[in-house]
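Shown next, in structure tokens, is the structure this report addresses.
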Amino acid sequence: MRKFGVLFLLIATGALCACLKPVKTGDEADSIVVWEQEDASVAPYIDSVFDAFKHLPGNEKVNITRVHYNNEDLRQQYQTASIAGTGPDLIMCPSDFGGVFSVAGYIKSVDGLVDLSIYNKAATDAVYLDGKHWGVPISNGNHLMLMYNKKLVAQPPQSTDELFAYCDKTVARLGLKTCLAFDGGEPFWFVPWLGGFGGWPLDNRTPTIDTPQMHDAVNFYLDLKFGRKIIPQECDYNCMDSLFKEGQAPFIINGDWSISGYADKLGKDYGVARIPKVSSTGLWPTPMVSGKYFMLNARLSGAKLDLIKKLITFYTNRDNQIKQVKMLKRLPALTSATDAPEVQNDPLLKASMDQVLVGRPMPMATELRPVWDSMRSYMGKIMTKQMGPEEGIKKMQSDVDSKVREMDR
Amino acid sequence: MNPLVVSLAEVVQMVCFVGWGVLLFELYLYIHFNKFDEKWYFPAVLIGVPVSALVFAITAEGADLPGGVIGAILAYAFVFELFAAPFFKYIVRGKHSLAYMMIAPGFVGLALLIAYPLVFEFYLSFHDLKLTTLKMWAETGTLPFVGFKQFKAVFTLPPLSEVTFLQLLGRTLWWTFINVFFHVVGGFCLALLLNQNIGKMRGIYRTLLVIPWAMPQVVAVLAMRGEFHSEYGFINVMIIRLVAKFPFLAHLGIGPVQWLSNHALLTCTLINVWLGIPFMMVIILGGLQSIPSSYYDAAAIDGASAFQRFWNITLPLMKPVVAPAVTLGTVWTFNNINVIYLVTGQAGGTEQADILVSALYKAAFTFSRYSYSAALAVVIFALLFVISVGWLKFTKGSESAYG
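Line by line, the protein sequences are chains B and V.
If you're matching positions, the first sequence starts at 1 in the numbering used here and goes up one per residue.
If you're matching positions, the second sequence starts at 1001 in the numbering used here and goes up one per residue.
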């Protein structure tokens, strides 16, 4: 009797395994997993477009799962998942992710899959590396700009001298917590100022850190924190975001991803302008400009790949690009949407475009990765006065060089 | 289909799959341990084992397995059985069958979850997996062999930017010592207090004290990280108010501190001490409650003071409880990436709070130095192994206090 019991158990569990097999949906052609690193205010827009796609004729069975990560988390998680041979089908990210991912073979080139000629050339150029394109542009920009609260600021400053004058006069008088809400620990926020002193972190693929322009920019940064004290002493992204939203800071430097959230929160009191010109050099700060992109998992093929192509084409069609403009206040990537009245007549978008004009394309070279990592580490040390700027910059250059050598590209 | 139903079905399928695998494995062992003298033993196992392996593979991967894979499964299982069947028949001969059958699933599980990754870690540490060789690995399954180069690099190149391996090791040992010291002292003090006759409130106190340990560590650490914020954190708010109330404190140099920027390691230590004390307290309290009260009664009759009773009864009898707990605490604290990672941020940070394992993680997943990190992990494993064995031998912690 016991033998029959064991035999029955064996057959029953085996049969259950076999019967449940079809419910596995991970690799099914009509199930798409998307990872993104967008601001929380962008999620409803993304979901609305995905929903619209699912309601297209023939897409009734399509299931799209969106998973949110922070910027660095998305990069690391995707990298880890790719090593394990898994990961999402699509990621939505800035162009610089493509440099590392393409070299490591985590993503698929989009040449031949999607007609890239319909997108702005600047946007597609930003994901061109080693003779191939590695992403499909969703929006143009992803750049930093100055945002201000019109209740506290009548006219945005055109130069750093004007900014300092405002801060000196007004912050204490109004009892504000800080003048310029700013994520001083993130190198992406430092790069525009480096440009304002005439520098740039990469010359083609060569890291250019230990330069006179870098020294000037770092000293300027130190002056903002310790000399003029117009930026918070210790503030990350969430902190600066709260300061601005709560009206405790008249200015913030933030990216185009945050425009819609602030516009909702502050309404007509919200303004966008160029980051003020550096008075000592007469140069405009140069934020990195790229955009948001779809990048495709390298293992995609067959029917799933066809479905992904349809989704990308739908997501970036003219109607959705204009919807994106209206809801997110982002510059479109599709050439035919750029001239739409919704784009041309929107004051926030005009200001955003004005900032793009003085920005510089974000390099896609893999060498940018060690630049970010090293800059984050040494700028942190310099800005907490654990290391002098001279020593910090020299070590930053040497550390980047060493990491680039190690890549052995 | 409803995603919840799909997820539940996947979980049930996984459980069934594992259960089925265990049943098949137990059946295999049962036949080899108990039926080795039957006439049908050899033909049955030489045919049955390859067929079972194939059925198992089809259940796992689906019926569309390529012909080559099917052939390979049958061939490998047959060859394996050619050696295994005589081994069980002529050497094992059914000895200790029940014991082996009981531990076999656990042994296989451990082999899959621990031994395989460990072997792979060793493999990686002698090869060169990095950003620029990942593609080669994915396409060819091979990596350049580099011998001991990665191990040499562990001692000559910093894992992140500046702090060397030896500096990180020193910092890690210090971090481990300070944390475990305060965990044990704090846990002991609280356990002694809770072990007193404090009436019905003991359960409530114990519950309140265990909360930091019981709640998910991510939540606890992130909440505490917020409390250490220089402008909005509770700690600095308290300091500012205290200084406002008692201005002489400002003259003593007391004022708000940029905890996260300037004292990252201290902040991590304070948070980790807070998190770790409840665990030690629970372990030590359990030990204290198991000491027979007759020992204390006898000592009291002999006129022993409270300190003498603590020193001569409590401490010696607590050694078998505390020594393994300290060993565990040491290994956990040495390897505690959560607190450092969550407090200092995941993206490199400024290295001032990094210990060996957090540097290892960042070297691998921020800087893509996979083989270097594997070699570093092997070195850390060797260090922990030596420290743990040495500590247990030194304290004789695995011996019973009652002889």
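Cβ atoms here follow ideal geometry from the backbone N, Cα and C, with glycine treated the same way.
Nearest-angstrom Cα separation, counted from F1151 (chain V) out to F226 (chain B) = Taking the first residue of the first sequence as 1, we reach residue 226 (chain B) at position 226. Taking the first residue of the second sequence as 1, we reach residue 1151 (chain V) at position 151. Between F226 (chain B) and F1151 (chain V), the C-alpha separation is close to 42 angstroms.
inquiry  = Per DSSP, what are the beta-bridge partners of M147 (chain B) in this structure?
reply    = As a position in the first sequence, residue 147 (chain B) is number 147, starting the count at 1. The partner list for M147 (chain B) (beta bridge, DSSP) reads B:I252, B:V272.
message = Assuming contact is defined by CB atoms lying nearer than 8 angstroms, are S139 (chain B) and A351 (chain B) in contact in what I supplied?
response = Counting from one through the first sequence, the residue named residue 139 (chain B) turns up at place 139. Counting from one through the first sequence, the residue named residue 351 (chain B) turns up at place 351. No; because the gap between Cβ atoms is not below 8 angstroms, this pair is not in contact.
message = Check for me: the beta strand (DSSP E) holding R66 (chain B) runs from which residue to which?
response = The count along the first sequence starts at 1 and reaches residue 66 (chain B) at position 66. 63-68 is the extent of the beta strand (DSSP E) around R66 (chain B).
key: Contact with chain B by F1363 (chain V), beta-carbon distance below 8 angstroms   = As a first step, residue 1363 (chain V) must be located in the second sequence, where it is residue number 363. According to the sequence shown, residue 1363 (chain V) is Ala rather than Phe. No, because no Cβ of chain B sits closer than 8 angstroms to the Cβ of A1363 (chain V).
query = Excluding sequence positions up to five away, which residues of its chain have a Cβ less than 8 angstroms from the Cβ of T25 (chain B)?
reply = Taking the first sequence and counting its residues from 1, the one referred to as residue 25 (chain B) is at position 25. With a pLDDT of 44 at T25 (chain B), under the threshold of 50, the predicted position of this residue should be treated as unreliable, and no value is reported.
ask   = Do the region 197-204 of chain B and the region 278-287 of chain B make contact, defined as three or more Cβ pairs closer than 8 angstroms?
value = yes
key: Residues of the region 1119-1140 of chain V with Cβ closer than 8 angstroms to any Cβ of chain B, in chain order   = Listed by position, the residues of the region 1119-1140 of chain V near chain B (Cβ gap below 8 angstroms) are K1130, L1131, T1132, L1134, K1135, A1138, E1139.
request  = Tell me whether A165 (chain B) is buried or exposed, calling it buried when 16 or more other Cβ atoms sit within 10 Å of its Cβ.
outcome  = The residue labelled residue 165 (chain B) in the question sits at position 165 within the first sequence. So A165 (chain B) counts as exposed.
query = Got a sec, what are the start and stop residues for the alpha helix (DSSP H) L1222 (chain V) sits in?
reply = The sequence position of residue 1222 (chain V) within the second sequence is 222, counting from 1. Note, L1222 (chain V): alpha helix (DSSP H), 1217-1227.
request  = Would you mind telling me which residues of chain B sit closer than 9 angstroms to E1038 (chain V), beta carbon to beta carbon, in chain order?
outcome  = Looking up residue 1038 (chain V) in the second sequence gives position 38. Under the 9 angstroms cutoff, chain B gives no residues; its nearest Cβ is about 14 angstroms from E1038 (chain V).
query = So, does the CB of N1338 (chain V) fall closer than 8 angstroms to a CB anywhere in chain B?
reply = Indexing the second sequence from 1 puts residue 1338 (chain V) at position 338. No, no contact with chain B.
query = Does any C-beta atom of chain B lie closer than 8 angstroms to the C-beta of E1227 (chain V)?
reply = One-based indexing of the second sequence puts residue 1227 (chain V) at position 227. No, no contact with chain B.
ask   = Using the beta-carbon count (16 or more within 10 Å), is L1252 (chain V) buried or exposed?
value = For this step, residue 1252 (chain V) is matched to residue 252 along the second sequence. By the 10 Å Cβ count, L1252 (chain V) comes out exposed.
Minimum length 3: unbroken beta strand (DSSP E) runs contained in the region 25-56 of chain B = 31-36
ask   = Taking C-alpha atoms, which residue in B:C235, B:R369, B:G85 lies nearest to G185 (chain B)?
value = In the first sequence, the residue the question calls residue 185 (chain B) occupies position 185. With distances taken between Cα atoms, G185 (chain B) lies closest to B:C235.
inquiry  = Taking a contact to mean a Cβ-Cβ separation below 8 angstroms, would you say C167 (chain B) touches I252 (chain B) in this structure?
reply    = One-based indexing of the first sequence puts residue 167 (chain B) at position 167. One-based indexing of the first sequence puts residue 252 (chain B) at position 252. No, the pair does not count as a contact, with Cβ atoms beyond the cut-off.
inquiry  = Tell me which residue opens and which closes the alpha helix (DSSP H) that N219 (chain B) is part of.
reply    = The residue labelled residue 219 (chain B) in the question sits at position 219 within the first sequence. It spans 212-222 - the alpha helix (DSSP H) in which N219 (chain B) sits, taken as one unbroken run.
ask   = Does the beta carbon of T1366 (chain V) come closer than 8 angstroms to any beta carbon on chain B?
value = As a first step, residue 1366 (chain V) is located in the second sequence; it is residue number 366 there, counting from the start. Answer yes: the Cβ-Cβ gap between T1366 (chain V) and chain B drops below 8 angstroms somewhere.
query = Could you give the residue range of the beta strand (DSSP E) that holds N297 (chain B)?
reply = Along the first sequence, read from residue 1 onward, the residue named residue 297 (chain B) stands at position 297. Counting along the chain, the beta strand (DSSP E) containing N297 (chain B) begins and ends at 288-297.
Rounded straight-line distance, which links the Cα of T1172 (chain V) to that of A1085 (chain V) = Locating residue 1085 (chain V) in the second sequence gives position 85, where the first residue counts as 1. Locating residue 1172 (chain V) in the second sequence gives position 172, where the first residue counts as 1. If you take the alpha carbons of A1085 (chain V) and T1172 (chain V), they lie about 50 angstroms apart.
query = Name the chain V residues that come within less than 8 angstroms of G247 (chain B), Cβ to Cβ?
reply = Within the first sequence, residue 247 (chain B) is the residue found at index 247, counting from 1. In chain order: nothing, as chain V lies at least about 15 angstroms away.
key: Contact with chain B by Q1258 (chain V), beta-carbon distance below 8 angstroms   = Here the question's residue 1258 (chain V) lines up with position 258 in the second sequence. Yes, Q1258 (chain V) lies at the interface with chain B (some Cβ there is under 8 angstroms from its Cβ).
key: Cross-chain neighbours of S1261 (chain V) in chain B, by beta carbon under 7 angstroms   = Here residue 1261 (chain V) refers to the residue found at position 261 when the second sequence is read from its first residue. Those are E234, T384, listed as they occur along chain B.
message = Closest to D223 (chain B) by C-alpha separation, out of B:Q79, B:T384, B:L152, would be which residue?
response = As a working note, residue 223 (chain B) is residue 223 in the first sequence. D223 (chain B) has its Cα closest to that of B:T384, out of B:Q79, B:T384, B:L152.
task = Starting from M379 (chain B), trace the alpha helix (DSSP H) both ways and give me its first and last residue.
result = For this step, residue 379 (chain B) is matched to residue 379 along the first sequence. Note, M379 (chain B): alpha helix (DSSP H), 368-383.
ask   = Closer than 8 angstroms, CB to CB, is S1373 (chain V) near chain B or not?
value = For the purposes of this step, residue 1373 (chain V) is taken as the residue at position 373 of the second sequence. Closer than 8 angstroms: no.
Proximity test, Cβ basis, 8 angstroms: V100 (chain B) and chain V = Walking along the first sequence from the start, residue 100 (chain B) turns up at place 100. Output row for V100 (chain B): interface = yes.
ask   = Taking the alpha carbon of L1157 (chain V) as the point to measure from, which residue in V:I1387, V:S1294, V:L1275, V:R1369 has its own alpha carbon closest?
value = For this step, residue 1157 (chain V) is matched to residue 157 along the second sequence. Of the candidates V:I1387, V:S1294, V:L1275, V:R1369, the one whose C-alpha sits nearest the C-alpha of L1157 (chain V) is V:R1369.
key: L1033 (chain V) in three-state terms, based on DSSP   = Reading the second sequence from its first residue, position 33 is the one you call residue 1033 (chain V). For the record, residue 1033 (chain V) in the displayed sequence is Phe; it is not Leu. Helix, per DSSP.
inquiry  = Measuring straight from C-alpha to C-alpha, what distance separates A1347 (chain V) and P232 (chain B)?
reply    = On the second sequence, position 347 is the one that residue 1347 (chain V) refers to. On the first sequence, position 232 is the one that residue 232 (chain B) refers to. Since pLDDT at A1347 (chain V) reaches only 49, below the 50 mark, its modelled position is unreliable, and the value read off the structure follows with that caveat. A1347 (chain V) and P232 (chain B): Cα-Cα distance of roughly 21 angstroms.
key: Uninterrupted alpha helix (DSSP H) stretches inside the region 159-209 of chain B (no shorter than 4 residues)   = 160-174, 187-196
ask   = Between R1093 (chain V) and the rest of its own chain, which residues show a CB-CB distance below 8 angstroms, the 5 nearest in sequence each way excluded?
value = As a first step, residue 1093 (chain V) must be located in the second sequence, where it is residue number 93. Taken in chain order, the residues that qualify are F1036.
key: Beta-carbon proximity list for L1265 (chain V), same chain, < 8 angstroms, skipping 5 on both sides   = Here residue 1265 (chain V) refers to the residue found at position 265 of the second sequence. So the qualifying residues of the chain are R1171, W1175, Q1352, A1353.
query = Taking a cut of 8 angstroms between CB atoms, which residues from the region 1145-1171 of chain V lie near chain B?
reply = L1157, L1160, S1161, E1162
task = State the Cα-Cα distance for the pair T178 (chain B) and F1385 (chain V), rounded to the nearest angstrom.
result = In the first sequence, the residue the question calls residue 178 (chain B) occupies position 178. In the second sequence, the residue the question calls residue 1385 (chain V) occupies position 385. The straight-line gap from Cα to Cα measures roughly 51 angstroms.
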